[in-house]
Amino acid sequence: MIFEVSECCFFSSPTEALAKVFSWLKFRVVMCKDKTAVEIHSVLKVFSELKQLSDLQPYDVKEWVSGQFTDLKDLPKHGDAFVCCILSHGNKEGVCGTDGTVVPTIDILSPFNGTNCSILVEKPKLFFIQACRGIDMQGGVPVKKKPKVEGTDGELDTDNGQVQDYTLPIYSDYLVFMANVEQYVSVRSPTSGSWFIQSLCGQLEKVCTGGKDINAIITLVNAEVSKMDGKLHVKDKDGTLIGYAVKQSPDSRNTLTKTLIFPAP
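Listed below in structure tokens is the structure:
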């Protein structure tokens, strides 16, 4: 599922890039565009329940089919994993609807927790969020390259015991990957788009064919985005444009209980 606030997406569509890569990974991709905070709350609840198609119709949900977004024809079903991508403005509390009201991050996650969405218990729930998390601009520090040190891999034995019933926290099996750490702005190029989404889509296409897990993909995105350099121009109190060098470091929260690998088509 993709949420997009169009006014923040003035470059070539990151929505299409996400739709292409996740449909390539055999996900059914649907999109909601330009929703208020109240509508975002409501449609998240509807998607967590997926009772009937008529519940989705008021939100003008589109589906990615044959390289374009078209009207949703039938009710989606939850499968082996759930992915939600949100492209909007935001702050440290969450993301903004079109009305400027903030939807707290916890309100985005909670409809899909173990209490509210039992069908996704023990299944990975991934949230990729492209939004600013503050107004500060993150700078960089010089780093001297160090020689590589070769290491050795060790193996750990595991005990095979009798299988028993167990409980899980209601917020287990979540992965939340955000464009930048709290307090800082997220960078979007007028020509190439969001650093974060650009890197995420590229690494998903590249790494999934090698059988690496989602944590490896996150590390590669972190490394790629952290090496990008940009300049943001901001008006001072006199209206003069001042350029600031800016860096970005994506931030993730992970409660996954299993290794997640997207099988390449």
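Counting with UniProt numbering, you get residues 1 to 265 for the letters of the sequence shown. Just so you know, even glycine gets a beta-carbon here, dropped at the ideal spot from N, CA and C.
Open item on the list: Using 7 Å as the threshold, is the C-beta distance between residue 82 and residue 56 below it?
Closed with: Taking the sequence shown and counting its residues from 1, the one referred to as residue 82 is at position 82. Taking the sequence shown and counting its residues from 1, the one referred to as residue 56 is at position 56. Taking 7 Å as the Cβ cut-off, residue 82 and residue 56 do not qualify as a contacting pair.
TODO: For residue 207, I'd like the list of residues in its chain whose CB is within less than 6 Å of its CB, leaving aside the five on either flank, ordered along the chain.
DONE: For this step, residue 207 is matched to residue 207 along the sequence shown. These residues qualify, in order along the chain: 217.
Task: Rounded C-alpha distance that separates residue 122 from residue 29 - done: Indexing the sequence shown from 1 puts residue 122 at position 122. Indexing the sequence shown from 1 puts residue 29 at position 29. Whole-angstrom Cα-Cα distance: 21 Å.
Task: Inter-residue Cα distance where the pair is residue 17 and residue 49 - done: The residue you call residue 17 lines up with position 17 of the sequence shown. The residue you call residue 49 lines up with position 49 of the sequence shown. For residue 17 and residue 49, the distance between alpha carbons rounds to 27 Å.
Task: Expected contact under 8 Å - CB spacing of residue 131 and residue 86 to nearest Å - done: Start at 1 with the first residue of the sequence shown, and residue 131 comes out as number 131. Start at 1 with the first residue of the sequence shown, and residue 86 comes out as number 86. Right, their Cβ atoms sit about 7 Å apart.
- [ ] Could you spell out the range, first to last residue, of the alpha helix (DSSP H) harbouring residue 201?
- [x] The count along the sequence shown starts at 1 and reaches residue 201 at position 201. 195–208 is the span of the alpha helix (DSSP H), which, as asked, contains residue 201.
Task: Residue range of the alpha helix (DSSP H) that includes residue 107 - done: As a working note, residue 107 is residue 107 in the sequence shown. Residues 105–109.
Task: Buried or exposed (CB count within 10 angstroms, at least 16 for buried), residue 149 - done: The residue given as residue 149 occupies position 149 in the sequence shown. Any reading at residue 149 is ruled out, since the residue's pLDDT is 48, under 50, leaving its predicted position unreliable.
Task: Every unbroken beta strand (DSSP E) within the region 36–66, with a cutoff of 3 residues, ordered by chain - done: 62–65
Open item on the list: On a Cα-Cα basis, can you pick out the residue from 78, 60, 79, 214 that is closest to residue 72?
Closed with: Reading the sequence shown from its first residue, position 72 is the one you call residue 72. That would be 60, whose Cα lies nearest to the Cα of residue 72.
TODO: Report the residue from 95, 33, 124 whose alpha carbon sits nearest the alpha carbon of residue 78.
DONE: Mapped onto the sequence shown, residue 78 falls at position 78. When each option's Cα is compared against that of residue 78, the closest is 124.
TODO: Give, in chain order, every unbroken run of the beta strand (DSSP E) that is at least 3 residues long and sits entirely within the region 69–105.
DONE: 82–87, 94–96, 102–104
Task: residue 179 - containing alpha helix (DSSP H), residue span - done: To locate residue 179, count along the sequence shown from 1; it is residue 179. Careful: residue 179 lies outside any alpha helix (DSSP H) and carries neither H nor E.
Open item on the list: Measuring straight from C-alpha to C-alpha, what distance separates residue 239 and residue 233?
Closed with: For the purposes of this step, residue 239 is taken as residue 239 along the sequence shown, with counting starting at 1. For the purposes of this step, residue 233 is taken as residue 233 along the sequence shown, with counting starting at 1. If I take the Cα positions, the gap works out to 11 Å.
Task: Of the residues 188, 221, 172, 62, the one placed nearest residue 43, counting alpha carbons only - done: For the purposes of this step, residue 43 is taken as residue 43 along the sequence shown, with counting starting at 1. If we check each option's Cα against that of residue 43, 62 comes out closest.
Open item on the list: Per DSSP, what are the beta-bridge partners of residue 128 in this structure?
Closed with: To locate residue 128, count along the sequence shown from 1; it is residue 128. The partner list for residue 128 (beta bridge, DSSP) reads 85, 177.
- [ ] Evaluate the contact criterion for the region 246–256 versus the region 215–229: three or more CB pairs, one atom per stretch, below 8 Å.
- [x] yes
Open item on the list: Please state whether the Cβ-Cβ distance between residue 31 and residue 84 is less than 7 Å.
Closed with: Stepping through the sequence shown from its first residue, residue 31 is reached at position 31. Stepping through the sequence shown from its first residue, residue 84 is reached at position 84. Cβ distance not < 7 Å, so residue 31 and residue 84 don't count as in contact.
Open item on the list: Let me check understanding here. Comparing Cα to Cα, which of 90, 174, 67 lies closest to residue 4?
Closed with: Within the sequence shown, the letter at position 4 stands for residue 4. Residue 90 is the option with its Cα nearest to residue 4.
Open item on the list: For residue 112, which residues in the same chain have their Cβ closer than 7 Å to its Cβ, ignoring the five residues on either side in sequence?
Closed with: For the purposes of this step, residue 112 is identified with residue 112 of the sequence shown, where counting begins at 1. Excluding positions up to five away in sequence, the list reads 48, 82, 120, 125.
Task: Residue environment, residue 179, which counts as buried when at least 16 other CB atoms sit within 10 Å - done: Taking the first residue of the sequence shown as 1, we reach residue 179 at position 179. Looking at its Cβ environment, which holds 16 or more other Cβ atoms inside 10 Å, residue 179 is buried.
Open item on the list: Between which two residues does the alpha helix (DSSP H) holding residue 232 run?
Closed with: Counting from one through the sequence shown, the residue named residue 232 turns up at place 232. Taken as a continuous stretch (DSSP letters only), residue 232 belongs to no alpha helix (DSSP H), being part of the beta strand (DSSP E) at 230–235.
Task: Proximity winner among 168, 107, 196, relative to residue 40 (alpha-carbon distances) - done: Residue numbering aside, residue 40 sits at position 40 when the sequence shown is read from its first letter. When only C-alpha atoms are compared, the closest one is 107.
TODO: Leaving out five residues on either side along the sequence, give the residues of the same chain with a beta carbon under 7 Å from the beta carbon of residue 70.
DONE: Working through the sequence shown from its first residue, we reach residue 70 at position 70. Cβ within range, chain order: 62, 63.
TODO: Tell me, to the nearest whole angstrom, how far the beta carbon of residue 14 is from that of residue 197; I am working on the premise that it is less than 8 Å.
DONE: Here residue 14 corresponds to residue number 14 of the sequence shown, with the count starting at 1. Here residue 197 corresponds to residue number 197 of the sequence shown, with the count starting at 1. At roughly 4 Å, the Cβ-Cβ gap stays under 8 Å, so residue 14 and residue 197 are in contact.
Open item on the list: Is it buried or exposed, residue 243, if we count other Cβ atoms within 10 angstroms and call 16 or more buried?
Closed with: Within the sequence shown, the letter at position 243 stands for residue 243. Label assigned to residue 243: exposed.
- [ ] Please name the residue in 117, 114, 128, 116 whose C-alpha comes closest to that of residue 105.
- [x] By 1-based counting over the sequence shown, the position of residue 105 is 105. Comparing Cα-Cα distances from residue 105 to each of 117, 114, 128, 116, the minimum goes to 128.
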